[in-house]
Each structure stands twice: as structure tokens, then as C-alpha cells.
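In this text, residue positions in the sequence shown follow the working numbering: the first is 2, and each later residue adds one. Quick reminder that beta carbons are idealized off the backbone N, C-alpha and C, glycines included. Please read all numbers here as calculations on a predicted model, not as lab measurements. Notes follow once the structure below has been shown.
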Amino acid sequence: MWGEPVLILMQANATDSQIEAVVRAIEDLGYRAHVMPGATRVAIGVTGNEGAIDAARFENMPGIAEAVRVSKPYKLVTLDFHSEKTVVRVGDATIGGDDLAIIAGPCAIESRAQAFAIAETVRRSGARFFRGGAFKPRTSPYAFQGLGEEGLRILAEIRETYGLKIVTEAVDEAGVDLVERYGDVIQIGARSMQNFTLLRRAGKSRLPVLLKRGLSATLDEWLLAAEYIMSEGNSQVVLCERGIRTFSQHTRNTLDLAVIPAVRRVSHLPVIVDPSHGTGKNYMVTALARAGVAVGADGLIVEVHDAPAQALSDGAQALRLEQYEQLVSEVRAIHEVMAPAAVS
Ligand code: PEP
Ligand code: MN
2 MWGEPVLILM QANATDSQIE AVVRAIEDLG YRAHVMPGAT RVAIGVTGNE GAIDAARFEN
62 MPGIAEAVRV SKPYKLVTLD FHSEKTVVRV GDATIGGDDL AIIAGPCAIE SRAQAFAIAE
122 TVRRSGARFF RGGAFKPRTS PYAFQGLGEE GLRILAEIRE TYGLKIVTEA VDEAGVDLVE
182 RYGDVIQIGA RSMQNFTLLR RAGKSRLPVL LKRGLSATLD EWLLAAEYIM SEGNSQVVLC
242 ERGIRTFSQH TRNTLDLAVI PAVRRVSHLP VIVDPSHGTG KNYMVTALAR AGVAVGADGL
302 IVEVHDAPAQ ALSDGAQALR LEQYEQLVSE VRAIHEVMAP AAVS
């Protein structure tokens, strides 16, 4: 039987050494401790192996206010025990902080020249993150599957040249090893959202994880996928709404913007919007990007290409370079007028 996690709430004046002592006690019992700093006091999540965790064991330690069993389906992603928003840090860049995070680049890395031409514009726009797939989860096995490790080497060069943080997809566990070597953020694609061994592997990584919503995932399923990652010790998770499958035929997917405030209500994790996969159509991307920021997203992930007509994947939704530049100036202006409460 898998035991329900326990949440330890420290007293507001608990000292660092009291917190460390609690963590040590948890680990000595063979459990895992998740320290979650809050505005006024620290909470420590306790997850374990098999069997119930005895909350009473912790109650009398110095600095502890209370220890409670958590019976909700999600424990680590929820606001209930961690009321402050998570700010994911990628070097000196952040997702979920005051800045609007912009992640831009091609669907797939196709060549060094293509990637550099796009990265140049992305850098100039002031975005801090560059995206590009080296391993592409394509619907057809005959479609371009990505350049593999060669694509990652190009991404690493882009990081070196422009100082952009690299966001790139891992489709399997070996892919996580490679992203750890060459990238900065592990993207888990919509098709992999319920690949639980992959989620667990990403949860063991030191890198933040961008978790896309599955093609037909409910909010609960999506949050539980994030919970898989966090339960392995990685608290640096960014959620990404990228559209879901509906009966509509005017778009590739239906971008569910209502899920942004819905996530905000229950989770402290940052959440961003992908208007590219969310619409599948170049002419809709800017409009939905504006809407995504207006609805309170912490950032955007946008596909950009220097020659969309020649793109080897997702050309129909790629923005041209000048369209992308215009989008950035518009969404920045929208973000500027938003009250902090709307995005925090
Ligand atoms: C992508 O970002 O190019 C991609 C494959 O996205 P998704 O997993 O959302 O389809
Ligand atoms: Mn794509």
C-alpha cells in the first residue's frame, strides 16, 4: 500500500537548523523531504515508500507547528500547502516571476544556418529562451524526426553564442540524459504527458521541466503528471497549455485559455501558453498570444521560422521573423498593463 504523504508546517520563527533537523529525521526514516519555503513559514512535504507515514513521529520536534496527513489527490502541486507562487529559475532567467517569459524558436532544428538565423532575431527581441526540437514526436513515422544529437549540439552552440536558455524536448529517458548535457529546460511533449517513467526520470533531473498538457488531458490529469515529476524531488515545473482535441475543425487544437485561471486557483506552478500548437495557423498565433498574456499566463512558447514555407515541421503555424518581433512588442505592452494580482 502506498501511504498518504504528510505535510509538516514549521513555526514562523523556526530556525534553519531546526528545519535541517526535521529534514534529517525524515530522511533517516527512509522518507523523502520536500522543503517548500513560504511567505511566513516553511512547509516540508514528506513522501515515502510503501506504507503509511506516521505524522505523530514528527509532531514533537522543535520548530514544528503541526504535521498533517494529506489526502488530496495532489499534494506537491497544490496551493493548499504552498501558498506562494513558484518561480522557476534557469540561470539568471525566470519563469513565473515578474518578467513575461518568452520562449521562441523553430519547431525543429533543421540546420545550423536555420537555427542561427532564427536565434539572432529571438535574441534581439529580448527573449531569454530559445526552443527547438532535436527529437520530434511526429504523427507519421515517415515525417522528419529531428536531427537527434546533432540538433542538440547546434542548440548548445546557440546558448554559447547568444546566451539564450535552451528549451528542448526529451521523448524518452535517454533523451533526458542528452538534454541534461546540452540544454537548460526539459520539454515533455503533449504526447508524453502520461509517460510515467519519463516523468519520473525528469523528476530526478536537476533541470527544470516544461510539461505540456496532453492532447485530451483534464486539468487533474495534467496536475497529476506534474505531481509525478515533483514527487521525485524536482520542484521546478512549468505547465504549458498547448490546445486540446475537440470537435472544432477551424483550428489544429482548441486552445483552452480558461485553464490558465483554473490552474492559478489550485496550483503554485507557473503556467505558459503555446499559441502555435494551440491554433496550428499562422494567422491566429498573434491573436491567441495576446489573449494568453491577457488571461494571466506567465509566458509564451512560440514557433518562429526564417522560411516557414520550407519548414520541415509545423510550417503552417510558424511566425515569420518580423511577425514574431511585432508579437513580442504587443504582448510586452499587454503584460505591462496587467495588475500583478492577475498573474500571481
Ligand atoms: C513542439 O513543441 O514542437 C511539440 C511537438 O509540441 P506538443 O508536444 O505540444 O505537440
Ligand atoms: Mn511544433
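| Check | Outcome |
| --- | --- |
| Under 5 Å, CB to nearest heavy atom of the ligand MN: contacting residues | Cys-108 and Asp-315 |
| Exposure of Glu-228, with buried meaning 16 or more beta-carbon neighbours within 10 Å | buried |
| Ile-96, DSSP secondary structure in three states | strand |
| Three-state secondary structure assigned by DSSP to Gln-188 | strand |
| When Pro-63, Leu-179 and Val-260 are compared against Ser-18, the one with the closest alpha-carbon | Pro-63 |
| Extent of the continuous beta strand (DSSP E) run through His-35 | 33-37 |
| First through last residue of the beta strand (DSSP E) which encompasses Leu-212 | 210-213 |
| Through-space distance from Leu-270 to Cys-241, alpha-carbon basis | 10 Å |
| Own chain residues within Cβ distance below 8 Å of Val-1, not counting five before or after | In the structure as shown, the chain begins at 2 and stops at 345. Residue 1 is therefore absent and cannot be evaluated. |
| Inter-residue Cα distance where the pair is Asn-14 and Ala-53 | 29 Å |
| CB of Asp-299 within 8 Å of CB of Gly-97, strictly | yes |
| Cα-Cα separation between Asp-307 and Ala-120, rounded to whole angstroms | 10 Å |
| heavy atom of the ligand PEP below 7 Å from Asp-275 C-beta | yes |
| Gly-134 beta carbon near the ligand PEP (any heavy atom closer than 7 Å) | yes |
| Inter-stretch contact at 8 Å, needing at least 3 Cβ pairs: the region 283-290 / the region 73-89 | no |
| At least three beta-carbon pairs within less than 8 Å, the region 321-331 to the region 155-163 | no |
| Short Cβ contact (8 Å threshold) for Thr-252 with Thr-280 | yes |
| Proximity winner among Ala-68, Glu-21, Leu-8 and Asp-221, relative to Pro-74 (alpha-carbon distances) | Asp-221 |
| Top-ranked residue by Cα proximity to Gln-237, from Ala-203, Arg-243 and Thr-219 | Ala-203 |
| Three-way DSSP call (helix, strand, coil) for Met-11 in this model | strand |
| Contacts around Ser-1, its chain only, beta-carbon distance under 7 Å, and the 5 residues preceding and following it disregarded | This structure cannot speak to residue 1, because the chain is shown only from 2 to 345. |
| CB contact flag (Arg-201, Glu-181, <8 Å) | no |
| Three-state secondary structure (DSSP) of Ala-203 | helix |
| For Ile-273, the residue or residues it bridges with in DSSP | Cys-241 |
| Pair within 8 Å by beta-carbon distance, Ser-206 and Ile-187 | yes |
| First through last residue of the alpha helix (DSSP H) which encompasses Leu-301 | Per DSSP, Leu-301 belongs to no alpha helix (DSSP H); it is in the beta strand (DSSP E), 300-304. |
| Close Cβ partners of Val-36 (< 6 Å) along its chain, the five nearest in sequence each way excluded | Ile-45 |
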